[in-house]
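Visitor:
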Amino acid sequence: MRHSVLFATAFATLISTQTFAADLPGKGITVNPVQSTITEETFQTLLVSRALEKLGYTVNKPSEVDYNVGYTSLASGDATFTAVNWTPLHDNMYEAAGGDKKFYREGVFVNGAAQGYLIDKKTADQ
Numbered sequence: 744m745r746h747s748v749l750f751a752t753a754f755a756t757l758i759s760t761q762t763f764a765a766d767l768p769g770k771g772i773t774v775n776p777v778q779s780t781i782t783e784e785t786f787q788t789l790l791v792s793r794a795l796e797k798l799g800y801t802v803n804k805p806s807e808v809d810y811n812v813g814y815t816s817l818a819s820g821d822a823t824f825t826a827v828n829w830t831p832l833h834d835n836m837y838e839a840a841g842g843d844k845k846f847y848r849e850g851v852f853v854n855g856a857a858q859g860y861l862i863d864k865k866t867a868d869q
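So the sequence shown is numbered by the numbering used here: it starts at 744 and just counts up by one.
Below, the structure is given as structure tokens:
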């Protein structure tokens, strides 16, 4: 049963991809991703980039910048998207660059991640 559902899902995806191939929403549109220099964030950026490419967008190589520069670049239109927005860590930068008036945020890749310096409890208790 599980394999049948998986096959049916894969088949439906294949058919819908072929059906809509001529009507890709990103055809003729180039996007410019921006991310920090933190290597771990590259995965999220590449994941979104790959999805956009499947939708027909041309995705330029991600620009690696400081978070403040990234938010400012997005707000001014010099960059198109970032796949990394750490809440609440980036909230002040997000608001300073224009907040919800300038940006559209949707979805969460990573939820409940620890933010800041992490050390073992024994050292912290000393």
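Every residue gets a Cβ at the ideal spot worked out from N, C-alpha and C, and that includes glycine. Since the structure is predicted, the reported quantities are computational estimates derived from the model, not experimental observations.
By the 10 Å Cβ neighbour count, where 16 or more other Cβ atoms means buried, how is Q858 classified, buried or exposed?
Guide: Walking along the sequence shown from the start, residue 858 turns up at place 115. Q858 is exposed by the Cβ-count criterion.
Visitor: So, helix, strand or coil for Q778, using DSSP?
Guide: Taking the sequence shown and counting its residues from 1, one reaches residue 778 at position 35. Of the three classes helix, strand and coil, the one that applies to Q778 here is strand, per DSSP.
Visitor: Looking at N803 and A840, is the spacing between their C-beta atoms short of 9 Å?
Guide: Taking the sequence shown and counting its residues from 1, one reaches residue 840 at position 97. Taking the sequence shown and counting its residues from 1, one reaches residue 803 at position 60. In this structure, N803 does not lie closer than 9 Å to A840 by Cβ.
Visitor: At which residues does the alpha helix (DSSP H) containing D834 begin and terminate?
Guide: One-based indexing of the sequence shown puts residue 834 at position 91. Note, D834: alpha helix (DSSP H), D834 to A839.
Visitor: Sorted by chain position, which residues of the same chain lie with C-beta nearer than 6 Å to A822's C-beta, five sequence neighbours on each side aside?
Guide: As a first step, residue 822 is located in the sequence shown; it is residue number 79 there, counting from the start. Closer than 6 Å at Cβ, skipping near neighbours: N775, V777 and S816.
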